[in-house]
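Asks:
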Amino acid sequence: MRQVFPFSAIAGQEEMKLALLAAAVDPAIGGVLVFGDRGTGKSTAVRALAALLPKMKVVAGCRYGCDPDNAGAWCAECRARPATEATRSRLAQVPVVDMPLGATEDRVVGALDLERALSQGVKAFEPGLLAQANRGFLYIDEVNLLEDHLVDLLIDVAASGENVVEREGLSVRHPARFVLIGSGNPEEGELRPQLLDRFGLSVEVRTPKDLPTRIEVVRRRDEFERDPAAFNEKWNRKDSTVRRRVLGARDRVADIAVPDEILEKSAALCMRLGTDGLRGELTLMRAARAIAALEGADTVTLAHLRQIAPPALRHRLRRDPLDAAESGVRVERALGELFGS
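Using the working numbering, read the sequence shown as starting at 245 and increasing by one per residue.
#1: Would you list the residues sitting across from valine 278 in a DSSP beta bridge?
#2: Which partner residues does methionine 300 have in the DSSP bridge list?
#3: Which class does alanine 568 belong to by DSSP, given the choice of helix, strand or coil?
#4: At which residue ranges does the stretch 512 to 552 contain complete alpha helix (DSSP H) runs of 4 or more residues, listed in the order of the chain?
#5: Considering only residues of the same chain and omitting the five flanking positions on each side of leucine 373, which have a CB-CB separation below 6 Å?
#6: When you compare only the Cα positions, how much space is there between leucine 262 and glycine 413?
#7: Pull up the distance between the alpha-carbon of glutamate 467 and that of lysine 453, whole angstroms please.
#8: Buried or exposed: where does proline 250 fall if 16 or more other Cβ atoms within 10 Å of its Cβ makes it buried?
#9: Suppose the cutoff is 7 Å on Cβ atoms and the five residues either side in sequence are ignored; what does the same chain contact list for glutamate 259 look like?
#10: Going by other Cβ atoms of all chains shown within 10 Å of its Cβ, with 16 needed for buried, is proline 326 buried or exposed?
#11: How would you call methionine 515, buried or exposed, if buried means at least 16 neighbouring beta carbons within 10 angstroms?
#12: Below 8 Å on the Cβ atoms is my guess for leucine 517 versus leucine 557; work out the distance and round it to an integer in Å.
#13: Report the rounded CA-to-CA distance for alanine 553 versus alanine 324, giving the unit in angstroms.
#14: Which residue from Leu549, His559, Gly540, Ala368 puts its Cα closest to that of leucine 582?
#15: Return the chain-ordered list of same chain residues with a C-beta closer than 8 Å to the C-beta of aspartate 281, the five sequence neighbours on each side being excluded.
#16: Check the Cβ-Cβ distances between phenylalanine 251 and every residue of chain B, and say whether any is below 7 Å.
#17: Going by DSSP, what residues sit across from glutamate 370 in a beta bridge?
#18: Determine whether the beta carbon atoms of alanine 536 and aspartate 270 lie at a separation below 7 Å.
#19: Return the CA-CA distance between glutamate 576 and glutamate 570, expressed in angstroms with no decimal places.
#20: Near threonine 543, what residues of its chain come up, given a Cβ to Cβ distance below 6 Å and the 5 sequence neighbours on each side ignored?
#21: Which same chain residues end up closer than 7 Å to alanine 255 when comparing Cβ atoms and leaving out the 5 residues on each side of it in sequence?
#22: Which residues in the same chain as alanine 531 place their Cβ atom closer than 6 Å to its Cβ, once the five residues preceding and following it in sequence are excluded?
#23: Tell me, which residues are paired with tyrosine 383 by DSSP?
#24: Identify, in the order they occur along the chain, each residue of the same chain with its Cβ nearer than 7 Å to the Cβ of proline 565, setting aside the five sequence neighbours on each side.
#25: If you reduce the DSSP assignment to three classes, tell me which class proline 250 lands in.
#26: Out of Ala420, Ala498, Leu389, state which residue places its alpha-carbon closest to the alpha-carbon of alanine 605.
#27: Considering Cα atoms alone, identify which of Asp392, Gly433, Ser415 is closest to glutamate 386.
#28: Put asparagine 480 into one of helix, strand or coil per three-state DSSP.
#29: Inspect the beta-carbon positions of glycine 275 and valine 423 and report whether they are closer than 7 Å.
#30: So leucine 264 and phenylalanine 443 are supposed to be a Cβ contact under 8 Å. How far apart are they, rounded?
#31: On a Cα-Cα basis, can you pick out the residue from Leu435, Asn378, Ala268 that is closest to arginine 418?
#32: So, are the CB atoms of leucine 300 and valine 338 less than 7 Å apart?
#33: Residues in the same chain with beta-carbon distance under 6 Å from cysteine 310, minus the five sequence neighbours each way, listed in chain order, please.
#34: With a cut-off of 8 Å on the beta carbons, I'd call valine 486 and tyrosine 383 a contact; round off their distance for me.
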């Protein structure tokens, strides 16, 4: 079994780790966009988070990993089964599916199973990457270089939570609910606004500038590569602590109170920054609630709001030709103007 670098062993990059944990607690926040330098642990963090999460229950034999306890989200195949079969389950690892830039549309959405069509004369559907990612993570490296037709496809599926395939005499619908994780280097091109808006949180990662952090990153990576099993055993207790935090937060998040004062402050902040639509406020509310749940709080506070505001809003700002400051700086400045230091 391939060893994955432990999530709790990732040095620095606190904003990225917080955003990923929030998305794991409440997938309704939307995906996470991670932009920054190469070699800063972007893909490592995504795979580490998925490995950290406990195995999930899936309907035995289901090609889409349907949840046996959520009949409303079953695929057509599960709904057609006898009740005794549909509730039989097994445990499966939370999927992390890589979507390569050169992937064809058939590979992404699924297509006719040519082998069965030629050998048996049967029209059968071969699920694609979206089916594999259901109830897990779809990871796209260099997402800003993704072809336009795949961007349009992802926008539709991310909005509906369902993949619809109508081609070659096939008519298939199946659940495709996943946390979309995108990473890239902004120097290599910008992301289309339509897809950018679909990410709930956006974080910026940079190569560490302080000497102790750089040394610690290199030391841990070298130790992991020399003996992955021993390194994972060393960090197992801390990973278990993070896992319990996430599971506890999932159980509590629906009961976390969001006072009217926090909603008013969220709306005031978005108005000050001139964000379009109401996705900014919704993301702020959901993400702040997830952070509160991770911290074991019962109520969302201004501190939670301030903590998550930069990743929730920095990618929603319009460009201001009269303000050369980075978007994250503009969010922090607006927070200070509205709520003090």
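In this text, a Cβ means the ideal position worked out from N, Cα and C, and glycines have one as well.
Replies: According to the structure shown:
#1: Counting from one through the sequence shown, the residue named residue 278 turns up at place 34. Per DSSP, Ser427, Val447.
#2: Counted from its first residue, the sequence shown places residue 300 at position 56. According to DSSP, methionine 300 bridges with Ala336.
#3: As a working note, residue 568 is residue 324 in the sequence shown. With a pLDDT of 45 at alanine 568, under the threshold of 50, the predicted position of this residue should be treated as unreliable, though the coordinate-derived value follows. It is coil, neither helix nor strand.
#4: 523 to 538
#5: Indexing the sequence shown from 1 puts residue 373 at position 129. The answer, listed in chain order, is Val341, Met343, Val352.
#6: Here the question's residue 262 lines up with position 18 in the sequence shown. Here the question's residue 413 lines up with position 169 in the sequence shown. Looking at the two C-alpha atoms, the distance is approximately 45 Å.
#7: On the sequence shown, position 223 is the one that residue 467 refers to. On the sequence shown, position 209 is the one that residue 453 refers to. Taking the straight line from one Cα to the other gives about 22 Å.
#8: As a first step, residue 250 is located in the sequence shown; it is residue number 6 there, counting from the start. Proline 250 counts as buried, since no fewer than 16 other beta carbons sit within 10 angstroms of its beta carbon.
#9: Locating residue 259 in the sequence shown gives position 15, counting from the first residue. Taken in chain order, the residues that qualify are Val447, Pro555.
#10: Looking up residue 326 in the sequence shown gives position 82. Exposed, by the Cβ-count rule.
#11: Taking the sequence shown and counting its residues from 1, the one referred to as residue 515 is at position 271. Flag for methionine 515 reads exposed.
#12: Position 273 of the sequence shown, counting from 1, holds the residue named residue 517. Position 313 of the sequence shown, counting from 1, holds the residue named residue 557. With a Cβ gap of about 6 Å, leucine 517 and leucine 557 count as contacting.
#13: Within the sequence shown, residue 553 is the residue found at index 309, counting from 1. Within the sequence shown, residue 324 is the residue found at index 80, counting from 1. The alpha-carbon atoms of alanine 553 and alanine 324 are separated by roughly 45 Å.
#14: Here residue 582 refers to the residue found at position 338 of the sequence shown. Looking at the Cα atoms, Leu549 is the closest of the given residues.
#15: Residue numbering aside, residue 281 sits at position 37 when the sequence shown is read from its first letter. For aspartate 281, where only same-chain residues beyond five positions count, the Cβ hits under 8 Å are Asn429, Val449, Arg450, Thr451.
#16: No chain B appears in this structure, which consists of one protein chain only.
#17: Along the sequence shown, one-based indexing puts residue 370 at 126. BP columns for glutamate 370 point to Ala355.
#18: Position 292 of the sequence shown, counting from 1, holds the residue named residue 536. Position 26 of the sequence shown, counting from 1, holds the residue named residue 270. No, these two residues do not count as a Cβ contact at 7 Å.
#19: Taking the first residue of the sequence shown as 1, we reach residue 576 at position 332. Taking the first residue of the sequence shown as 1, we reach residue 570 at position 326. So the two alpha carbons sit approximately 10 Å from each other.
#20: Within the sequence shown, numbered from 1, the residue matching residue 543 stands at position 299. Correct list, in chain order: Ala501.
#21: Along the sequence shown, one-based indexing puts residue 255 at 11. Cβ neighbours of alanine 255 beyond the five flanking positions: Thr457, Glu460, Val461, Arg464.
#22: By one-based count along the sequence shown, residue 531 stands at place 287. If we look at alanine 531 and ignore the five residues flanking it on each side, its Cβ neighbours are Ala266, Ile273, Ile552, Ala556.
#23: Indexing the sequence shown from 1 puts residue 383 at position 139. Looking at the DSSP assignment, tyrosine 383 forms a beta bridge with Asp342, Ile425.
#24: Residue 565 sits at position 321 when you count from the first residue of the sequence shown. Bear in mind that the predicted position of proline 565 carries a pLDDT of just 48, short of 50, making it unreliable; the figure below should be weighed with that in mind. Counting only Cβ-Cβ distances below 7 Å, and skipping sequence neighbours, we find nothing.
#25: As a working note, residue 250 is residue 6 in the sequence shown. The answer is coil: DSSP assigns proline 250 none of H, G, I, E or B.
#26: Residue coverage of the chain in this structure runs from 245 to 585, which leaves residue 605 outside it and unanswerable.
#27: Numbered from its first residue, the sequence shown carries residue 386 at position 142. Between glutamate 386 and the set Asp392, Gly433, Ser415, the nearest pair of CA atoms involves Gly433.
#28: By one-based count along the sequence shown, residue 480 stands at place 236. Three-state DSSP puts asparagine 480 in a helix.
#29: Residue mapping note: residue 275 aligns to position 31 of the sequence shown, counting from 1. Residue mapping note: residue 423 aligns to position 179 of the sequence shown, counting from 1. Taking a C-beta distance under 7 Å as the contact criterion, glycine 275 and valine 423 qualify as a contact pair.
#30: Here residue 264 refers to the residue found at position 20 when the sequence shown is read from its first residue. Here residue 443 refers to the residue found at position 199 when the sequence shown is read from its first residue. Going by Cβ atoms, the distance from leucine 264 to phenylalanine 443 rounds to 12 Å, so no, they are not a contact pair.
#31: Walking along the sequence shown from the start, residue 418 turns up at place 174. Checking the sequence, you will find histidine at residue 418 rather than arginine. If we check each option's Cα against that of histidine 418, Asn378 comes out closest.
#32: Reading the sequence shown from its first residue, position 56 is the one you call residue 300. Reading the sequence shown from its first residue, position 94 is the one you call residue 338. A small fix is needed here, since residue 300 is methionine in this sequence, not leucine. Against a cut-off of 7 Å, the Cβ pair of valine 338 and methionine 300 comes out as a contact.
#33: By 1-based counting over the sequence shown, the position of residue 310 is 66. Here the set comprises Val303, Trp318, Cys319, Cys322.
#34: Reading the sequence shown from its first residue, position 242 is the one you call residue 486. Reading the sequence shown from its first residue, position 139 is the one you call residue 383. Going by Cβ atoms, the distance from valine 486 to tyrosine 383 rounds to 19 Å, so no, they are not a contact pair.
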